[in-house]
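Since the structure comes first, as structure tokens, the remarks are kept for the end.
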Amino acid sequence: MERDRVIEGWESIVNATAERVVGRKVVRCGVSVKWWDDELKEEIGERREVFKQYLSEASEESWEKYRAKRKQVKGLVKKKKKCIWDEVVQKANGGLEGNVKQMWEGISGMVKKTAQGGDTGVATLRDVGNVELEKEFTEDEVEACVNKLKCHKAAGADGIVNEFMKFGGKGMIQLMVLLYNWVWKNEYTPSRWREGVVVNLFKKGDKTDPGNYRGITLLNTVGKVFCKLLNDRIVGVLEKEHSISEGQAGFRKKRGCVDHVFTVGRIIQGRKRAGKPTYCFFLDVKKAYDTVWRNGLWKQLSKYGIKGKMWRVLKKMTECTKSAVMLDGELSKFFDIEQGVPQGCTLSPTLFQVFINICWKS
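If you're matching positions, the sequence shown starts at 0 in numbering that gives the first Met the number 0 and goes up one per residue.
Written out as structure tokens, the structure is:
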């Protein structure tokens with residue numbers, strides 16, 4: 000499809016610019032990193048000695064001394080790494096300034112060409128969406144999401160790592176806004192953003208038992224940021240309208256397991272004082288994300304005010320997903336995922352909350 004070629008062209012331009020500015024090299028085990036120097040080596044040596052002292056004395060004083068030294072070394076490592084990254088970013092900014100115009104011209108040309116292609120083929124719903132959900136994305140929104148990205152994470156099939164976006168400067172943010180608003184306007188979800196590569200990590204036990212492996216799904220990094228933008232908006236609406244039950248604490252700001260433990264404890268204490276027994280049961284939902292009934296999810300989203308453009312884009316991002324398995328360096332054929340919400344996607348925890356919320360509302 001011509002639209003998919005826009006995405007591929009965008010990724011190619013970003014990768015080519017990054018390689019031109021930063022470069023590419025093969026990393027081998029045992030090769031020292033740039034931030035390692037004599038000062039750090041000496042500090043780590045002192046930390047080892049302090050730890051040995053704690054092992055021999057086993058006193059609270061020696062433990063506190065070790066903790067202080069460990070914190071000092073950790074701060075020094077962070078400082079050394081930041082200095083190296085500052086040098087890389089400064090170099091990148093110098094090279095990027097001359098390339099931003101070319102990148103803008105190339106990408107803008109592709110986007111305008113497809114936008115002027117006539118009928119976009121977008122299906123419509125009568126439901127009018129929330130104004131806050133429907134508006135175009137801003138540089139501030141994208142920059143806020145990008146700043147939260149973690150470094151040293153694996154790239155998806157696009158080859159774009161988080162560092163490209165995180166340290167790409169204002170020019171990179173502008174390019175991402177241009178792309179995301181084009182996708183948003185056309186209600187088009189690139190096929191590359193709906194593909195995941197599953198890598199199996201061994202946990203413990205018998206290596207011949209498939210149940211002892213944990214699957215990690217690697218997704219397109221640019222697509223993940225787009226999903227984060229969508230997620231931030233729908234979470235804002237759900238929390239503002241108090242749509243999600245107070246009984247749900249997972250993946251919600253300023254909430255967690257401690258809230259549930261406290262609540263259960265108070266209930267047990269209250270019933271015990273009243274001379275009443277308390278019965279608890281614990282349910283672990285196996286393969287929770289994989290078993291979500293999609294049609295039920297769409298109804299729940301609409302019920303909670305997620306309608307219009309946002310509803311349609313969420314539906315497209317979740318349906319027609321594909322995965323392939325990476326084993327011993329070999330990639331299998333991509334296969335369709337016909338139910339559930341995507342593994343590894345930032346939207347999935349929120350969508351699952353919406354789906355099971357009926358349990359609390361019933």
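For glycine and all other residues, C-beta sits at the position ideal for the given N, C-alpha and C.
These figures come from a predicted structure and were not determined experimentally.
Any idea if Cys144 is buried or exposed, counting beta-carbon neighbours within 10 angstroms, 16 or more meaning buried?
As a position in the sequence shown, residue 144 is number 145, starting the count at 1. Counting C-beta atoms within 10 angstroms of its own C-beta, Cys144 has 16 or more neighbours from the protein chains shown and is therefore classed as buried.
Suppose the cutoff is 8 Å on Cβ atoms and the five residues either side in sequence are ignored; what does the same chain contact list for Lys308 look like?
Residue numbering aside, residue 308 sits at position 309 when the sequence shown is read from its first letter. Excluding sequence neighbours, Lys308 sits near Gly128, Leu132, Glu133, Trp183 and Glu186.
Alpha carbon of Val121 to alpha carbon of Thr188, nearest angstrom
For the purposes of this step, residue 121 is taken as residue 122 along the sequence shown, with counting starting at 1. For the purposes of this step, residue 188 is taken as residue 189 along the sequence shown, with counting starting at 1. Its pLDDT being 41, under 50, Val121 is placed unreliably in this model, and the value from its coordinates should be taken loosely. The alpha-carbon atoms of Val121 and Thr188 are separated by roughly 11 Å.
Beta-carbon spacing of Thr349, Phe250 below 8 Å:
Translated into the one-based positions of the sequence shown, residue 349 becomes position 350. Translated into the one-based positions of the sequence shown, residue 250 becomes position 251. Yes, the Cβ-Cβ distance between Thr349 and Phe250 is below 8 Å.
Straight-line gap, Gly116 to Thr345 (C-alpha atoms, nearest Å)
As a working mapping, residue 116 is identified with position 117 in the sequence shown. As a working mapping, residue 345 is identified with position 346 in the sequence shown. Interpretation of Gly116 is limited by its pLDDT of 48, a score under 50 that renders its predicted location unreliable; the figure taken from the coordinates is listed afterwards. A direct Cα-to-Cα measurement between Gly116 and Thr345 gives close to 32 Å.
Measure the alpha-carbon distance for Lys73 versus Arg47 and round it to whole angstroms.
Translated into positions along the sequence shown, residue 73 becomes position 74. Translated into positions along the sequence shown, residue 47 becomes position 48. Distance between the alpha carbons of Lys73 and Arg47: 13 Å.
Can you give me the C-alpha to C-alpha distance between Met171 and Lys306, rounded to a whole angstrom?
Along the sequence shown, read from residue 1 onward, the residue named residue 171 stands at position 172. Along the sequence shown, read from residue 1 onward, the residue named residue 306 stands at position 307. Near 31 Å, if we compare the C-alpha coordinates of Lys306 and Met171.
Counting C-beta neighbours from all protein chains within 10 Å, is the total for Ala153 16 or more, i.e. buried, or is it exposed?
The residue you call residue 153 lines up with position 154 of the sequence shown. It is exposed - the Cβ of Ala153 has fewer than 16 other Cβ atoms within 10 Å.
Assuming Val49 and Lys64 are in contact, meaning their beta carbons sit under 8 Å apart, how far apart are those beta carbons, in whole angstroms?
Counted from its first residue, the sequence shown places residue 49 at position 50. Counted from its first residue, the sequence shown places residue 64 at position 65. So it is a contact: roughly 6 Å between Cβ atoms.
Would you call the region 149-167 and the region 219-227 touching, i.e. three or more CB-CB distances under 8 Å?
Counting C-beta pairs with one atom in each stretch, the region 149-167 and the region 219-227 have three or more that are closer than 8 Å, which means they touch.
Helix, strand or coil: how does DSSP classify Asp208 here?
Numbered from its first residue, the sequence shown carries residue 208 at position 209. When secondary structure is reduced to three states using DSSP, Asp208 falls in the coil class, being assigned neither helix nor strand.
Entirely within the region 182-266 and at least 4 residues each: give me those alpha helix (DSSP H) ranges in chain order.
Fully enclosed alpha helix (DSSP H) runs of 4 or longer: 220-239.
Using a 10 Å radius around the Cβ and a threshold of 16 neighbouring Cβ atoms, would you call Phe281 buried or exposed?
Counting from 1 along the sequence shown, the entry for residue 281 is found at position 282. Exposed.
Are there three or more Cβ pairs, one per stretch, closer than 8 Å when the region 282-300 is compared with the region 349-359?
The region 282-300 makes contact with the region 349-359; the number of CB pairs closer than 8 Å reaches 3 or more.
Please work out which residues of its chain come closer than 8 Å, Cβ to Cβ, to Tyr53, disregarding the five sequence neighbours upstream and downstream, and give them in chain order.
The residue you call residue 53 lines up with position 54 of the sequence shown. Excluding sequence neighbours, Tyr53 sits near Ser61, Trp62, Lys64 and Tyr65.
Note the first and the last residue of the continuous beta strand (DSSP E) segment covering Val340.
Within the sequence shown, numbered from 1, the residue matching residue 340 stands at position 341. Looking at the DSSP string, Val340 is not in any beta strand (DSSP E), and its letter there is neither H nor E.
State the beta-bridge partners of Val176 as determined by DSSP.
Within the sequence shown, numbered from 1, the residue matching residue 176 stands at position 177. Note: Val176 is not bridge-paired with any residue in the DSSP secondary-structure output.
Specify the secondary structure class of Glu329 as computed by DSSP and reduced to three states.
One-based indexing of the sequence shown puts residue 329 at position 330. Note: Glu329 maps to strand in three-state DSSP.
What's the gap between the Cα of Glu10 and the Cα of Glu45?
As a first step, residue 10 is located in the sequence shown; it is residue number 11 there, counting from the start. As a first step, residue 45 is located in the sequence shown; it is residue number 46 there, counting from the start. Glu10 and Glu45: Cα-Cα distance of roughly 46 Å.
Tell me which same chain residues have a C-beta within less than 8 Å of the C-beta of Gln299, skipping the five on either side of it?
As a first step, residue 299 is located in the sequence shown; it is residue number 300 there, counting from the start. So the qualifying residues of the chain are Val353, Phe354, Asn356 and Ile357.
DSSP puts Ser322 in a beta bridge; with which residues?
Here residue 322 refers to the residue found at position 323 of the sequence shown. DSSP, once it has assigned bridges, lists Gly195 and Phe334 as partnering Ser322.
Quick check on the burial criterion: 16 or more other C-beta atoms within 10 angstroms. Buried or exposed for Glu162?
Here residue 162 refers to the residue found at position 163 when the sequence shown is read from its first residue. Label assigned to Glu162: buried.
Once DSSP output is grouped into helix, strand and coil, what is the label at Gly117?
In the sequence shown, counting from the first residue as 1, residue 117 sits at position 118. For Gly117, the predicted structure reports a pLDDT of 45, less than 50, and the residue's modelled location is therefore unreliable. A value from the coordinates is still provided. When DSSP states are grouped into helix, strand and coil, Gly117 belongs to the coil group.
Residue from Lys78, Glu42 and Ala57 whose Cα sits closest to the Cα of Lys68
On the sequence shown, residue 68 is found 69 positions in, with the first residue counted as 1. Ranking Lys78, Glu42 and Ala57 by Cα distance to Lys68 puts Glu42 first.
Please state whether DSSP places Glu45 in a helix, a strand or coil.
Along the sequence shown, one-based indexing puts residue 45 at 46. DSSP places Glu45 in helix when its eight states are reduced to three.
Can you grab the Cα-Cα spacing for the pair Thr277 / Leu313, in whole Å?
Residue mapping note: residue 277 aligns to position 278 of the sequence shown, counting from 1. Residue mapping note: residue 313 aligns to position 314 of the sequence shown, counting from 1. CA-CA distance, Thr277 to Leu313, rounds to 41 Å.
First and last residue of the uninterrupted alpha helix (DSSP H) at Asn294:
In the sequence shown, residue 294 corresponds to position 295, counting from 1. DSSP places Asn294 in the uninterrupted alpha helix (DSSP H) bounded by Arg293 to Lys302.
Inter-residue spacing [alpha-carbon to alpha-carbon] between Cys150 and Gly246
Taking the first residue of the sequence shown as 1, we reach residue 150 at position 151. Taking the first residue of the sequence shown as 1, we reach residue 246 at position 247. The alpha-carbon atoms of Cys150 and Gly246 are separated by roughly 34 Å.
Assign Ala15 to one of three DSSP states: helix, strand, or coil.
On the sequence shown, position 16 is the one that residue 15 refers to. Three-state DSSP puts Ala15 in a helix.
Compare the beta carbon distance of Glu240 and Gly304 with 8 Å and say whether it is the shorter of the two.
Walking along the sequence shown from the start, residue 240 turns up at place 241. Walking along the sequence shown from the start, residue 304 turns up at place 305. Yes, the pair counts as a contact, with Cβ atoms nearer than the cut-off.
Classify Thr317 as buried or exposed, calling it buried when 16 or more other Cβ atoms lie within 10 Å of its own Cβ.
Walking along the sequence shown from the start, residue 317 turns up at place 318. Taking a 10 Å sphere around the C-beta of Thr317, we find 16 or more other C-beta atoms and assign the residue as buried.
Residue range of the alpha helix (DSSP H) that includes Gly307
On the sequence shown, residue 307 is found 308 positions in, with the first residue counted as 1. From DSSP, the alpha helix (DSSP H) with Gly307 extends over Gly307 to Thr317.
Measuring CA to CA, which of Leu229, Ser301, Phe261 and Val260 is closest to Asn180?
For the purposes of this step, residue 180 is taken as residue 181 along the sequence shown, with counting starting at 1. Checking every option, the nearest Cα to that of Asn180 belongs to Leu229.
Taking C-alpha atoms, which residue in Glu194, Asp208 and Arg193 lies nearest to Leu200?
Mapped onto the sequence shown, residue 200 falls at position 201. Comparing Cα-Cα distances from Leu200 to each of Glu194, Asp208 and Arg193, the minimum goes to Asp208.
Asn161: first and last residue of the uninterrupted alpha helix (DSSP H) it sits in
The residue you call residue 161 lines up with position 162 of the sequence shown. Start and end: Asn161 to Lys165.
In three-state terms, what does DSSP make of Gly382?
Limits of the chain in this structure are 0 at one end and 361 at the other, which puts residue 382 out of reach.
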